[in-house]
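Visitor: Just passing along the structure, written as structure tokens.
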Amino acid sequence: MMTSSLLGERDEPFAFLDPGLLVDGDLTLTLRICLPGDPARGWAPSYEFEMRHTERGTLLGHISLRIGENDHLLLYAGHIGYEVLPEHRGHHYAARACRLLLPLALRHGLETVWITCDPDNWASRRTCELAGARFVEIVRVPPSDVLYLMGHRWKCRYRLDTRPWRKPHPEPLANAQPKGR
Ligand SMILES: CC(C)(COP(=O)(O)OP(=O)(O)OC[C@H]1O[C@@H](n2cnc3c(N)ncnc32)[C@H](O)[C@@H]1OP(=O)(O)O)[C@@H](O)C(=O)NCCC(=O)NCCS
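In terms of the working numbering, the sequence shown is residues 1228 to 1408.
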């Protein structure tokens, strides 16, 4: 693993970091693969983790951390995506996994991570809240975005500060508005 973050230094290649040990009680995140992304197509580099039971090693689900700041990520796809296998739901694994990833996001220079979900995905919306994220807005997915082609028309946007000591502050509305609406 390389040891420096290059987010923001656009001319240099992206460097993945060693995420270290990511454990919260019975939940352990195991790095499965690092995907380099494809800047030409707007795809950000991502860490792909498995959620596993700490003692038993059972697969519980998956979570991704995408590192980037393009409109597709910030407005529609979000930095974090997750899924818990149906038989392991009910333990807040997704929310807890999100929190485990915050130090890694911060080491890449992300002071805020955005999590998005469909407005009727109540389990995911509650997961955002449990992770400590704040609801900001619901945005329309434009036809130009790949998520539109996948059938998504609206996305809820939640913001989550990566610095644990930062207190909630009034939303800077000008910054939270998507461009071109
Ligand atoms: C979203 C998801 C990852 C959450 O899994 P999880 O971490 O096991 O979450 P839990 O089952 O512990 O539920 C978390 C919270 O959501 C609530 N919740 C779960 N299903 C719900 C539903 N259908 N309606 C309303 N609330 C719901 C739970 O009650 C819990 O809140 P509480 O503790 O305050 O009662 C899981 O439902 C999933 O994998 N869904 C399919 C994939 C997906 O939608 N991913 C997100 C894409 S944006």
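Just so you know, even glycine gets a beta-carbon here, dropped at the ideal spot from N, CA and C.
Can you tell me whether DSSP reads residue 1366 as helix, strand or coil?
Guide: Translated into positions along the sequence shown, residue 1366 becomes position 139. Residue state, collapsed to three classes: strand.
Visitor: Following a CB-centred definition, is residue 1444 positioned closer than 8 Å to any heavy atom of ligand 1?
Guide: No information on residue 1444 is available, as it lies outside the stretch 1228 to 1408 that the chain covers here.
Visitor: Might you give, ordered along the chain, the residues of its own chain that have their beta carbon closer than 7 Å to the beta carbon of residue 1257, omitting 5 neighbours on each side?
Guide: Residue 1257 sits at position 30 when you count from the first residue of the sequence shown. Excluding residues within five positions, the ones whose Cβ falls inside 7 Å are 1276, 1277, 1279.
Visitor: Under the three-state reduction of DSSP, which class applies to residue 1301: helix, strand or coil?
Guide: One-based indexing of the sequence shown puts residue 1301 at position 74. In this structure, residue 1301 counts as helix in the three-state DSSP scheme.
Visitor: Keeping to the same chain, check which residues put their C-beta closer than 6 Å to that of residue 1263; ignore five residues upstream and five downstream.
Guide: By 1-based counting over the sequence shown, the position of residue 1263 is 36. 1272, listed in sequence order.
Visitor: Pick out whichever of 1294, 1347, 1255, 1300 has its Cα sitting closest to the Cα of residue 1284.
Guide: Counting from one through the sequence shown, the residue named residue 1284 turns up at place 57. Closest option to residue 1284, Cα to Cα, is 1255.
Visitor: Alpha carbon to alpha carbon, how far is residue 1357 from residue 1274? Give it in angstroms, no decimals.
Guide: Within the sequence shown, residue 1274 is the residue found at index 47, counting from 1. Within the sequence shown, residue 1357 is the residue found at index 130, counting from 1. So the alpha carbons of these two residues sit roughly 22 Å apart.
Visitor: Which one of 1380, 1362, 1313 has the shortest CA to CA distance from residue 1369?
Guide: To locate residue 1369, count along the sequence shown from 1; it is residue 142. The residue with the shortest Cα to Cα distance from residue 1369 is 1380.
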